[in-house]
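Peer 1:
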Amino acid sequence: MGDMSSLSYEYTVNASFAEDVNKWLVAVKKAALGVELDANAGGDPLEEARRGLAAAVESTLSRLEAMEGAKEETGGASAEVPEDVVRRVEAKHRSDLAWFLEDLRNAQSALLRGDTLGPRELQALDEITDVADASASECFRRLWRR
Amino acid sequence: MGYLLDPRRGAALSKGFDQQYLVAPEGVPRGIVEDFQDRMEKTMRQMSQMAFSLQPVLFKDADARTLKQQVDAIVGALDGAGVREGHAVLILPDRAAGDLHNFIKRKVMDRLQMQCVTAGNLRSFYEMVPRNGKAEYAVVGESSSQYASFIRYTALGLLIVNRQWPWTLNEKTAYDAYVGVDVLHNTAAFTFFYEGGQRCFVRTQPSKQKEKLLRSQARSMIYQGLAEDLAGGVAPPRSVVMHRDGHVFQSEWLGLQDAVGQLVQEGRLPADVTTGIVEIHKHSAMGVRLAAERQGGLWNPKAGSWFDISDTEGIVCLTGWPFRLRGTVNPLFVRIARGKLSLKSVLQDIFWMSQLCWMVPDRCIRLPIDLKLCDDFLRSSAADADDDEAEFGEENSEMEGDDTLLHT
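Protein chains in written order, with the working numbering: chain A, 12 to 157; chain B, 11 to 418.
Here you go:
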């Protein structure tokens, strides 16, 4: 792959991830506030959002734990989280990674059980979406400059 | 303390805070650390009336048993978090090695000055309570006022490591500039005190001699300190007096004269500047005590009472009534060792400078603040710490002394 197509692919992956996690998190937040969600063709949008977010969190967790050296990367994670997103999250939480991982674990199990997310868990998910946005924007700017 | 917490008053701080950290072991429950962080931030904001926040930095304490492992865990966490400079509260881990407090302060002194609390102390204020089906940590009811006091003193300690002084004297001291000097275990500490404490700077340097300063070192430290402070806006003092904790050496007097002489030559100090050295002895061989005669008996004298033994020697009580003390007041023995100074002014300045008891606002201290700051710094940073153990310590040496391991 040439430089341009490699960058283009990276942008597609980053932008698609940012769009997905944003959409899912908005759906989960709306549901928590009692706002009705737009019905999807043939599916429960809240359930889809929860599953999608849980998979993204699982994948992020697995990569961060592998970076921290606590566990080996499982490889079974179902969502593709861009490398740059994981790197940015790790850099941001280098000083309190243990607490951030704990929040992600709690968020993941709450999402899978269908429980309400607490403020810490929501903040952790917000940070992933913020970082995903920043990563996609940065990738776009690089692509645009070429 | 009430004035410091009063929103109409607060601490007399001159600048904002740089980056502040809360360095905590992962082994202390997060609920405790976060609640402590929240209380510290609120108290610091209340005292300083400025924005203030602590950034948590966690270190792994579970497998850190020896001094070396504990030092490595803390330094590794600071390095990993990219901590280059700032100030911090450090929560010392459970089973902290005996020397950890002194050693870690010294190890990171160049980039981070720290106020320490112990994990055990912190835990003792909390209990687990059920809340919404979960176990949470809450402050034990009966210890809440004690905990509030603990937080306030920790906050004061943090202000002091930040070199932010909570209050100043209403009037200037009789002599314009004081340089408090103390040397301990090859470390020299200097406190430069001006304008009733509005400007006060602590500087330190390794010393080749164990307890005294060479002429060249005294000259360079005093010259650099005064020059830096004059450049920073301190009004040129008409008098520079050294407070020496204990015995003064001739080399130190010559060093002071050299430094002041150079600044006079450079036109930065007036030609008629007065210099002198005052020895301050916490204990005196003479054993003289002061007492107040009241109601047919002898009572502790008022704080600030003094007595001139000669033109150059006297005693002054920095503790005493109205403070409650156990036993009799132990006055400071003061001697004008060099220079033509007025004993009364010297004693008065020492008493006034003891009123800047920044670390314990509702108590009194037994030293003027310039020497107290030197003393506190040297006690934590230059006190004995087993450097070899911290650099090369092996786990075996620690395990041999660990009862739990021997019995299992």
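Backbone N, C-alpha and C fix where the C-beta goes; we use that ideal spot for every residue, glycine too.
#1: DSSP state of aspartate 413/B, grouped into three classes?
#2: In chain order, which continuous runs of the alpha helix (DSSP H) of length 4 or greater are located wholly inside the region 114 to 152 of chain A?
#3: Identify, in the order they occur along the chain, each residue of the same chain with its Cβ nearer than 6 Å to the Cβ of aspartate 448/B, setting aside the five sequence neighbours on each side.
#4: Please determine if the region 13 to 32 of chain B and the region 53 to 67 of chain B are in contact, where contact requires at least 3 C-beta pairs separated by less than 8 Å.
#5: So is leucine 308/B buried or exposed if we call it buried at 16+ other beta carbons inside 10 Å?
#6: Shorter than 8 Å from the beta carbon of leucine 68/B to some beta carbon of chain A?
#7: Going by C-alpha distance, which of Phe387/B, Asp372/B, Arg49/B, Pro246/B is nearest glycine 12/B?
#8: Could you tell me whether the Cβ atoms of alanine 158/B and isoleucine 101/B are closer together than 8 Å?
#9: Just to confirm my understanding: we take serine 261/B, look at its own chain, exclude 5 residues before and 5 after, and list those with CB closer than 6 Å. What are they?
#10: For a contact meaning CB atoms closer than 7 Å, what does glutamine 65/B contact in chain A?
#11: State the beta-bridge partners of proline 216/B as determined by DSSP.
#12: Inspect the CB distances between the region 182 to 197 of chain B and the region 352 to 361 of chain B and report whether three or more fall short of 8 Å.
#13: With distances taken Cα to Cα, identify the nearest neighbour of leucine 377/B among Leu166/B, Asp192/B, Asp71/B.
#14: For glutamate 51/B, would you say it is in contact with chain A, using Cβ-to-Cβ distances shorter than 8 Å as the test?
#15: Cα-Cα, which of Ala165/B, Thr285/B, Leu388/B is closest to glycine 20/B?
#16: Within a Cβ cutoff of 7 Å, which residues of the same chain sit near leucine 388/B, ignoring the five residues on either side of it in sequence?
#17: With C-beta atoms as the reference, is valine 38/B less than 8 Å away from alanine 148/B?
#18: Our contact map puts valine 326/B next to valine 344/B with C-beta atoms below 8 Å; I'd like the distance itself, whole angstroms only.
#19: Can you tell me which of the three DSSP states tryptophan 263/B falls into?
#20: Could you check where the alpha helix (DSSP H) with glutamate 59/A kicks off and where it finishes?
#21: Quick check on arginine 40/B - is its C-beta less than 8 Å from some C-beta in chain A?
#22: Serine 16/A to aspartate 95/A, Cα distance in whole Å?
#23: Taking the DSSP output, what are the residues bridged to glycine 324/B?
#24: Mind pulling the chain B residues with CB within less than 7 Å of alanine 109/A?
#25: Go to glycine 90/B, then tell me how far its alpha helix (DSSP H) extends in each direction, as first and last residue.
#26: For glutamine 234/B, name the three-state secondary structure that DSSP assigns.
#27: Would alanine 91/B count as contacting chain A if we go by Cβ distances under 8 Å?
#28: In three-state DSSP terms, what is glutamine 208/B?
#29: Using the three-state DSSP reduction, which class does cysteine 384/B fall into: helix, strand or coil?
#30: What residues in its chain sit with their C-beta under 6 Å from that of alanine 91/B, if we drop five residues either side in the sequence?
#31: Would you tell me roughly how many angstroms separate the C-alpha atoms of leucine 179/B and glycine 108/B, rounded to the nearest one?
#32: Express the C-alpha separation of arginine 116/B and glycine 314/B in angstroms, rounding to a whole number.
#33: What three-state label does DSSP hand methionine 57/B in the structure shown?
#34: Buried or exposed: where does aspartate 31/A fall if 16 or more other Cβ atoms within 10 Å of its Cβ makes it buried?
#35: Quick one: Cα of aspartate 412/B to Cα of lysine 78/B, how far?
#36: Helix, strand or coil: which one does DSSP assign to serine 19/A?
Peer 2: Reading it off the structure:
#1: Residue placement at aspartate 413/B cannot be trusted, given a pLDDT of 32 that sits under 50; what the coordinates show is reported in the next sentence. Here aspartate 413/B carries a helix assignment [DSSP, helix/strand/coil].
#2: DSSP runs (the alpha helix (DSSP H)) wholly in the region 114 to 152 of chain A: none.
#3: Residue 448/B is absent from the model: chain B starts at 11 and stops at 418.
#4: Taking a cut-off of 8 Å on C-beta distances, the region 13 to 32 of chain B touches the region 53 to 67 of chain B, as three or more cross pairs fall below it.
#5: In this structure leucine 308/B is exposed. Its beta-carbon is surrounded by fewer than 16 other beta-carbon atoms within 10 angstroms.
#6: Closer than 8 Å to some Cβ of chain A, the Cβ of leucine 68/B qualifies, so yes.
#7: Selected option, being the one with the closest Cα: Asp372/B.
#8: Their beta carbons are not under 8 Å apart, which means alanine 158/B does not touch isoleucine 101/B by this criterion.
#9: Excluding residues within five positions, the ones whose Cβ falls inside 6 Å are Leu224, Arg225.
#10: Ordered by position in chain A, the residues that pass the 7 Å Cβ test against glutamine 65/B are Ser106.
#11: The partner list for proline 216/B (beta bridge, DSSP) reads Thr197/B.
#12: Judged by Cβ distances under 8 Å, the region 182 to 197 of chain B makes contact with the region 352 to 361 of chain B, as three or more pairs qualify.
#13: When C-alpha distances from leucine 377/B are compared across Leu166/B, Asp192/B, Asp71/B, the shortest belongs to Asp192/B.
#14: Contacts with chain A at 8 Å (Cβ-Cβ) do not include glutamate 51/B.
#15: Relative to glycine 20/B, the option among Ala165/B, Thr285/B, Leu388/B whose CA is nearest is Ala165/B.
#16: Closer than 7 Å at Cβ, skipping near neighbours: Asp192, Leu194, Thr197, Ala199.
#17: When the beta-carbon positions are compared, valine 38/B and alanine 148/B stay at least 8 Å from each other.
#18: Contact between valine 326/B and valine 344/B holds, with the beta-carbon distance rounding to 6 Å and staying under 8 Å.
#19: Reduced to three states, the DSSP call for tryptophan 263/B is helix.
#20: 56 to 79 is the extent of the alpha helix (DSSP H) around glutamate 59/A.
#21: The beta carbon of arginine 40/B sits closer than 8 Å to some beta carbon of chain A.
#22: Near 17 Å, if we compare the C-alpha coordinates of aspartate 95/A and serine 16/A.
#23: Per the DSSP secondary-structure output, glycine 324/B pairs in a beta bridge with Asp318/B, Val344/B.
#24: Within chain B, the residues placing a beta-carbon under 7 Å from that of alanine 109/A are Glu36, Leu68, ordered along the chain.
#25: Secondary structure note for glycine 90/B: its alpha helix (DSSP H) is the uninterrupted segment 77 to 90.
#26: In this structure, glutamine 234/B counts as helix in the three-state DSSP scheme.
#27: Taking 8 Å as the CB threshold, alanine 91/B lines the interface with chain A.
#28: It is coil, neither helix nor strand.
#29: The answer is helix: DSSP assigns cysteine 384/B an H, G or I state.
#30: Same-chain partners within the cutoff: Val67.
#31: When rounded, the distance between both Cα atoms is 38 Å.
#32: Separation of glycine 314/B and arginine 116/B (C-alpha to C-alpha, rounded to the nearest whole angstrom) is 35 Å.
#33: In this structure, methionine 57/B counts as helix in the three-state DSSP scheme.
#34: By the neighbour-count rule (16 or more Cβ atoms within 10 Å), aspartate 31/A is buried.
#35: Reliability of the predicted coordinates at aspartate 412/B is poor, the pLDDT of 33 falling under 50, and the value obtained from them is presented with this limitation in mind. Whole-angstrom Cα-Cα distance: 16 Å.
#36: Here serine 19/A sits in helix by DSSP.
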